[in-house]
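To start, the structure under review is shown below, and the notes come after it.
There are 2 protein chains.
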Amino acid sequence: MGSSQNEEPAMPPPPVIQKASDDTIKIMLATDTHIGYLERDPIRGQDSINTFREILQLAVKHDVDFILLAGDLFHENRPSRDCLYQVMALLREYTLGDRPIQIELLSDPNDGKAAGYSFPAVNYEDPNFNVGIPVFSIHGNHDDPQGAGPEGALSALDMLSVSGLINYMGRIDLPLNDAEAQNSGIAIRPVLLRKGNTRLGLYGVGNVKDQRMHFELRSNRVRMFMPRDKDDWFNILLLHQNRVPHGPQQSVPEGMFDDSIDLVVWGHEHDCRILPEPVAGKKYFITQPGSSVATSLADGESIEKHVALLNIQGKEFELTPIPLRTVRPFVLDEVVLTEVAEEEGFDLGDRMAITKFLKKRVNELIEKANALWDERNQRAVDEGEEALPRMLPIVRLKVDTTGVSEMSNPVRFGQEFQGRLANPRDVLVFHRARATAKRGAKITVEQPELSIDDPDLSTSEKLSKVRVQTLVREYLAAQELQLLGEAGMSDAIETFVDKDDIHAIQNHVSVALRSLLKGIQANGKNVENDDDLDALVDEVKEKQDKEYIEKRKQGKSSKSKGKGKAAEDDSDASIDSMMMDVDAGVSDFEEPESDVPKKKSRAPAKKVAPAKKAPAKGRGKKKVESDDDEDEEEDEVEEPQPKKRTNRAAVLSQTTAKKAPAKKTTAKQATLSFAPSGRTSTRAAASRATRKNAQMLDSD
Amino acid sequence: MGSSQNEEPAMPPPPVIQKASDDTIKIMLATDTHIGYLERDPIRGQDSINTFREILQLAVKHDVDFILLAGDLFHENRPSRDCLYQVMALLREYTLGDRPIQIELLSDPNDGKAAGYSFPAVNYEDPNFNVGIPVFSIHGNHDDPQGAGPEGALSALDMLSVSGLINYMGRIDLPLNDAEAQNSGIAIRPVLLRKGNTRLGLYGVGNVKDQRMHFELRSNRVRMFMPRDKDDWFNILLLHQNRVPHGPQQSVPEGMFDDSIDLVVWGHEHDCRILPEPVAGKKYFITQPGSSVATSLADGESIEKHVALLNIQGKEFELTPIPLRTVRPFVLDEVVLTEVAEEEGFDLGDRMAITKFLKKRVNELIEKANALWDERNQRAVDEGEEALPRMLPIVRLKVDTTGVSEMSNPVRFGQEFQGRLANPRDVLVFHRARATAKRGAKITVEQPELSIDDPDLSTSEKLSKVRVQTLVREYLAAQELQLLGEAGMSDAIETFVDKDDIHAIQNHVSVALRSLLKGIQANGKNVENDDDLDALVDEVKEKQDKEYIEKRKQGKSSKSKGKGKAAEDDSDASIDSMMMDVDAGVSDFEEPESDVPKKKSRAPAKKVAPAKKAPAKGRGKKKVESDDDEDEEEDEVEEPQPKKRTNRAAVLSQTTAKKAPAKKTTAKQATLSFAPSGRTSTRAAASRATRKNAQMLDSD
C-alpha cells in the first residue's frame, strides 16, 4: 500500500505542458462541496452553496471546457428542497449558455442514459439544451444511490442528470441478488473525450462502502473498460473512498490502480492535498482537492481550501490550485489546563480565572483568523480581484480539563462571542484524560470528532440522529417487530436515518417476514401448539440473524466464496483494465472480447512489493518532450526546473498572453512542474518541492 | 352561491368556434394527476405516472400550443425521488423539442422568476432550452409551497420550474408577518399570450386553505391584475379549491369571479365534470376536468376520466373531452345484508352463505368492470387507435352488515381475487347502522372514506399517518415540550406529517419558546421561587394558546380586525380586477395606479347581486389594436403591431409555415360548442346539450 506521500517519491514527476493550445483541455477540478451542510445554521447555512457558486464562477472566468467533481456534491442523501433548488438554479445560471463546447464525446452518449427515454446521458449531446460548461461528477458516500423504485436506486445526482444539468458518471450497478453479486464486481466504463489531438478518458467510480471496494479490489473484480490504445490517452480515475487508513479494509490503497492511469482524482478526504503527489512504484499521481467547506472542526479542515485548474495536453498535465475566497477562515488550537495554570499562575479550582484565560485565548484565535482572512483577501486584491467583506471566522479551542472539577457551560461561554464568531455554540470543547474523568462530574466530555463511518457529521448532528434512532427503535419495539431479527432491522434503521429512506424499514420487514414464513413453513410439520410455534420462530429467526451477519461481513450484499483466501495478499490486487477498440470517431466500443483473458483467477499469498506493477512502465510510453523550452516568450512565468503545478496567473499569461497583471512573479503561490525524463536526477528535488509546497499550503 | 349545474342554466352558452385557424390556441387541459399516489403498491404503483405519460402523448398527438394543469400534479408535498425523476424525465421527453412555439408571451417573462438569477420564469423564453410544448400549472393543496428556506416557501413545482421543465404560475405570496397579512390579500398576475388575433389571459391562483380563500374573497382582497382592454381578451381563471360545500367557509362559491372571466378551470375536485357548465348570473363557464387517477374509492372517482382539448379563437372557445385510456375501470356497488338475506333466502348467522353471496357479487362487478374496459377499448379501436391490453379493474363493494354478528376478514376475502383485481385488499368495506353497532364485535367498521381536510387519502394511508402522528406526539411528550402550548404544536405536527416538513416542529418550538420567554420576562418581576415560575409559565402559556387559537380561527396567519363583520355578507364578495395597461410591446405593466381606489373598505351587509362590480369596466379602457395585418412580408418575422416577444421557435414556424395542421374531425368525442349570441333562444337547448353530454360522461 504505497501511501505516505511525504516520503521520497519513488516515481517520476508528471510531464509539463509547454503552452496551452487548441489541444489543451481545461478542467475545473473540485469536490466535496457538501451542499446543504448546516443549512439551518443562521450564520453558516449558506456557506456551502456560496462556495459552490464561487466554483461555478471560477469555471466561467477561466473558460474551462468542463467541471469535474469527485462526489459529495450534496451533504444529505436526500437534499432539502431548498438545496436542490439552489443547485439547479446555479447550474442553470452558470453552465448553460452559448459558449461553444470544444470537447468531442467519443464514447457512446447513451452510455448510462435513463432507460425508456430517448435523451442521451451527456447533456451537451442533447439538442434541446444549450450547454456552455458541462459538469461531470461521480457520487460520493453522502449522495450515493438509494431506494428501490421503478427506476432502481437513484442518487440526488440523478435529479440533476435527468434535468440535463450535470453528467452523472461512475454509477455502480448494485447486484440484484446474491448470485449476481457473486459474479458482478465493479465495472468502470469511461467517458472518452477529445479536443484536437488530446484524448482524455474519464474513469469514474462512485463511492461504495470501503469494505466492499476493498473486497472487489482484492478479488480482482474492479474492471476498467479501456480503449485498445489506452496508453495514447490521458486517463483520469475519479474515486470517492477513504484514503487515510481507518482500520482493516476501511480504505483504498493508493497503489492499486491500473498502470494506464495518469492522474487519480481522489474525493472524500476533506484535507486539501490538491497538489499532485506521486505514488511509489506507480506512474500516476494523485490529486486530492479536498472539500470546499469545512464539515468538521478537525485539523485537516483548517488547511486553506482550493479548487484547481487542470490543463491537459496530449499526455501532459498541469495543475494550478486556486484558493477559494468564500470559505471562512478556520483556526483551531488546544490547551491543557494543568499546564497553563502553572504557566499563568492560576488555580485549577478558580473557575473565573480559567474562563478569563480561555476568553483571552479565543480572542487571540479570532484575531488570528481575521488576520488570515485579511491576508488572503489582500493576496487576491493584489492579483486584481475585488476585495470581499470579512466573514465571521470559525474558531475551535480544545481544552484538556484534566484535574479541573467544574467548568462553565461552553455554550454560555460562546454567547459572549456572538457576532464575532461563526460558531459561538461550539467554540470550546472539553476533554480529559480518560483515567481521571469522574462519572457524574458536570463536565461536557468531548464527543469524538470523527467517526470512521461518517467523518462529516458535527457532534450536534450526530446527537440529533441518535435521538431519532432511539425514537425509531422504541417505536419498533412497541410494534413488536423484534420478531423479525435485529441485525437486519438495525441496518434498515441506519439507512432510514442516514439516507432518509423512509421505505428502508418497510422493505426490510417485508423481506424478513417472507423469509421467516418460509423458514417456518419448511420446518413447521411438528408444530402442535403455540409454544412449539414460538420456539420454531425463535430458531428460524436466530438462524437468519446469523446468516445476515455473516453475509454482511463479506461486504454489503456481495457474498463471495473466495473471500477468505483473497484477504491474504493485498499486494497482488489491482484494478484491471479490459481492452476495447475506440476508433476516434466511432462512438461505441465493445465489451472485452474473448481473447482478453478473464483475469487469471487469483494466485494467493504472493508477497510482492507494491512496485511490482512497474514492468508495465516501458510499454507504449511516449517521450513527448524534454521540457527545457519554456523560456520562449516574454510572458513566460514558469521556471524551467521540476515543478508540478502552475500558478493560475501564470497559466493565464501563458494562454492568453494579454493579461498584463499576470506578470507578477508568483510570489505566494508555489509553481511546480516536473520533467518526464531524467527520472532519478529530478526525483529528490521534485519531492522536496512537493513537500515544501504542500507545507506552505497546509500552514496557510 | 350559484352552484348546482344540473338546474336549467340562467346564463347564456359559450360562443362557438367556426373552424380552427392560425388564430386558434390549442390547449391540452388536465389536472390532479396526483403523481405518486400509492406509488408503493405493487399493482397500482405506476398508474398515476402512466396516465401522466398518456396526457403528454395526447398533447403531442393533438399538436397543442401548451398544456394547462390546475394543481396537484404531485400527490405528496415532497414527492419521492422516483416520482420527481420520472416526471422530469417525461417532461423532458415529451415537452422539449423542435416543435415551433406559436404563442407569443405578452406579459413579462420575468414575472415570478427566481430572485437572483437571470433566467426567465417562462421556459420557452429561455434561449438555452428548446421547448416544444410549454406546460403551465398552478399548485394544488397537495403540492403547495412549504418551508422557509433562503428561497422562501417552495413547491415541488418549483423544482420543475427551476429546471426549465414547467411554468409555475399562481404562486401565492404568503404574508411575512401579521402586519403584512392584514394588508396583503391575494394578488393574481396573469400570463398573457397571443396567437394571431387571439389574446389569452391565464389567471392562476394556486391553492390556499379554503378558509383563507373564503376570508380573502369576503374581504374583497383577491385582486386580479388585468389589461385595460380586458374584455377583448379571452380570460381563463385557474383555481384549486373545494367546489362542493364542506361546511362553513370550506369551499369557494362558483359565482364570485370577475365578470371579465370567460372560463374557469377548476382543479381539486376529482369528479370529471369537464364539460363547461354555466353559472347563474355570470357570463363565464366552469370546466372541472377531474383527477386523472382515482385516489379514493368514492362514487365520483368512478366517472370515466377525461382530459380535454380546449380551442380558443378570439372570444370563442370549444372544448373536446378526451377519455383517458390508461385509467383502470372502477365500479362500485353497495349491498345491505338484511335485505339480500331475505331476497336470497339465507340466514344472517350463516357466514358461509354470506361470503358466498359476496363473492358472487364481486365476480359480477369484476365482469362489469372488464366489460367497461372492453367497451372503452373498442371505442378507441373504432377510432383508429391501438388496442390496449386489459388492466386489472378496481372494484369496491360496500356492505351494510347491520344485524350480522360476525363477518369474515375482508382482507382474506380479497385474497381469492388476487390477479383479477387491482385492489384485492380493500374490495370489501363493512359498515353498519350506528345504533346497532356493538362495541367489541369483531367487525371492521368502515372508515369514513372522505374527510373534509383530505379527501384523497385512502384509509390505510390515514391509518399510517395517524400512527406516525401518535409516535411524534409521544416523542414530544417524552421531551417535555408540552411546555410550549399544544395548539400551535399540534398544527406544527400536522405540517410535519402532511407535508413532510421536518422543520415545522423546530420552527414552531423556536418561535413559541421565544414568545414564552418574552411573556415571562414581561411578567417575571414577582417571581421568587420555582413554584412562582411554574405558575407564571402556565399562565403565559395558556394566554398564548388562546391567542393562537383565536388567530387560527381567522384564517391561517391572516389576522384581520374586520373579520366578524365580513362574515355576514357573502353575496357582496367577489374577485376584483384591477386595471392595468398592457400595451403589447411593453413588457411590464404596472400596479394599479393611485387613481384606482385601494378598494373601498367594506360596506357591510349590502345585499347586491354579484354583478355589481361592473362599473369598473369602462374606465381607462384602451382599444389598442385591431390586428389584421399579419400577412405583409415573407421574411418579416416580427409583426409591427403591439407585442412583447417572439419565441425563437415561433419565428421559424411563421417564416417557414410548413406544418400542415391536423384537420381531424372529433367524431366520437363529445364536442360542445355554443353560439355567443341569441342567448335566450339557445339557452335551454344548450343546457340540455350540457346535461345530455354530462350524463353520457357520467354513465360510462
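For the protein sequence lines, the chains are B and U, in the order given.
The first sequence: position 536 = 536 (UniProt numbering), numbered continuously.
The second sequence: position 287 = 287 (UniProt numbering), numbered continuously.
The C-beta atom is built at its ideal place from N, Cα and C for all residues, glycine as well.
Remember, predicted model here, so these are calculated numbers, not experimental data.
Assigned exposure category for residue i - 16 Cβ within 10 Å defines buried
i      : result
U:S302 : buried
U:A422 : buried
B:N197 : exposed
B:V427 : buried
B:G185 : buried
B:K315 : buried
B:R376 : buried
U:E386 : exposed
B:V411 : exposed
Below-8 Å beta-carbon distance, residue i vs any chain U residue
i      : result
B:R540 : Contrary to the premise, residue 540 of chain B reads as Val rather than Arg in this sequence. Judged by the 8 Å Cβ criterion, B:V540 is not in contact with chain U.
B:L297 : no
B:I101 : no
B:L165 : yes
B:D288 : The displayed chain sequence assigns Gln, not Asp, to residue 288 of chain B. Cβ-Cβ to chain U under 8 Å: no for B:Q288.
B:A89  : yes
B:M159 : yes
B:L96  : yes
Beta-carbon spacing of residue i, residue j below 8 Å
i      : j      : result
U:R361 : U:V336 : no
B:L192 : B:P227 : yes
B:I236 : B:W266 : no
B:L69  : B:A30  : yes
B:P393 : B:F330 : yes
U:Q288 : U:R221 : no
U:H75  : U:G36  : yes
U:V293 : U:S48  : yes
B:N207 : B:H246 : no
B:F129 : U:F52  : no
B:Y284 : B:L310 : no
Selection from the options that minimises the alpha carbon distance to residue i
i      : options                           : result
U:V122 : U:G140, U:R99, U:A148 and U:D158  : U:D158
B:G164 : B:N197, B:D126 and B:D22          : B:D126
U:S161 : U:A114, U:P321 and U:P100         : U:A114
B:I25  : B:V540, B:A153, B:R212 and B:I312 : B:I312
B:D299 : B:R412, B:E269, B:R81 and B:P276  : B:E269
B:K230 : B:M213, B:V205, B:R412 and B:D259 : B:D259
U:A353 : U:W373, U:R376, U:D374 and U:E406 : U:E406
U:D98  : U:G71, U:P134, U:P79 and U:E39    : U:P134
B:F66  : B:L58, B:V381 and B:D72           : B:L58
B:N409 : B:A433, B:T355, B:N370 and B:L372 : B:T355
Cβ of residue i within 8 Å of any chain B Cβ
i      : result
U:G140 : no
U:L84  : yes
U:D259 : no
U:M169 : no
U:R92  : yes
U:V122 : no
U:F129 : yes
U:Q46  : yes
U:V293 : no
Mind listing, in chain order, the continuous beta strand (DSSP E) runs of no fewer than 3 residues lying wholly within the segment 305-372 of chain B? 306-313, 316-323 and 330-336
Along the chain, which unbroken stretches of the beta strand (DSSP E) at least 3 residues long are found entirely within the segment 216-302 of chain B? 222-227, 234-240, 263-267, 273-278 and 285-288
Taking only runs that begin and end inside the segment 111-191 of chain U, name each unbroken alpha helix (DSSP H) of 4 or more residues, in chain order. 156-162 and 178-184
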